[in-house]
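**Q** Quick one: this structure, given as structure tokens, is what I'll be asking you about.
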Amino acid sequence: MPAVDLDLANFASEWHAQTLKGHLQAYVRREGSDGSLARVVKTTATYLRKGLVSHGTLRCLVAEVETESVDDFRSWRDYQQRRDRFCSMMTGLSDLLKQ
0 MPAVDLDLAN
10 FASEWHAQTL
20 KGHLQAYVRR
30 EGSDGSLARV
40 VKTTATYLRK
50 GLVSHGTLRC
60 LVAEVETESV
70 DDFRSWRDYQ
80 QRRDRFCSMM
90 TGLSDLLKQ
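Take the sequence shown: its letter number 20 is residue 19 in numbering that gives the first Met the number 0, and every next letter is one higher.
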């Protein structure tokens, strides 16, 4: 049986980062409401406060979400709505990103 090296600490941080990225993408891809935006901001603040993701990781996730969930859909009919939801999400996360 091959040896498997499980770096659980690295796995956990990667898992939390991917989970948070999924929350951010879901807000941008679907019709976000004020309630879902508040939930995304609260979840992000909790992840940062508990140290589950770093501010640097959050900045990278936001850049990935913009590329994968907004920029890659320029030719789609709902591109402007995605762009607007991304901008409203960035407004909501702006205080968290400043830290």
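In this text, a Cβ means the ideal position worked out from N, Cα and C, and glycines have one as well.
Tell me which same chain residues have a C-beta within less than 7 Å of the C-beta of A44, skipping the five on either side of it?
**A** Taking the sequence shown and counting its residues from 1, one reaches residue 44 at position 45. Hits under 7 Å: L95.
**Q** With a Cβ-Cβ cutoff of 8 Å, do Y46 and M88 count as a contact?
**A** Counting from 1 along the sequence shown, the entry for residue 46 is found at position 47. Counting from 1 along the sequence shown, the entry for residue 88 is found at position 89. Not closer than 8 Å, so no.
**Q** Spatial neighbours of G55 within its chain, please: CB distance less than 7 Å, with the 5 preceding and 5 following residues excluded, ordered by chain position.
**A** The sequence position of residue 55 within the sequence shown is 56, counting from 1. Within the same chain, G55 has no close Cβ partners at all.
**Q** Under 8 Å by Cβ, that's how I've got S68 and R28 pegged, so tell me the actual separation to the nearest angstrom.
**A** For this step, residue 68 is matched to residue 69 along the sequence shown. For this step, residue 28 is matched to residue 29 along the sequence shown. Right, their Cβ atoms sit about 5 Å apart.
**Q** Report buried or exposed for A16, applying the criterion of at least 16 other Cβ atoms within 10 angstroms of its Cβ.
**A** Locating residue 16 in the sequence shown gives position 17, where the first residue counts as 1. Buried, since its Cβ has 16 or more Cβ neighbours within 10 Å.
**Q** I'd like the span of the alpha helix (DSSP H) that includes F85, first residue to last.
**A** Along the sequence shown, one-based indexing puts residue 85 at 86. From DSSP, the alpha helix (DSSP H) with F85 extends over Y78 to K97.
**Q** Just to confirm my understanding: we take S35, look at its own chain, exclude 5 residues before and 5 after, and list those with CB closer than 7 Å. What are they?
**A** Numbered from 1 along the sequence shown, position 36 holds the residue referred to as residue 35. Contacts found: Y26.
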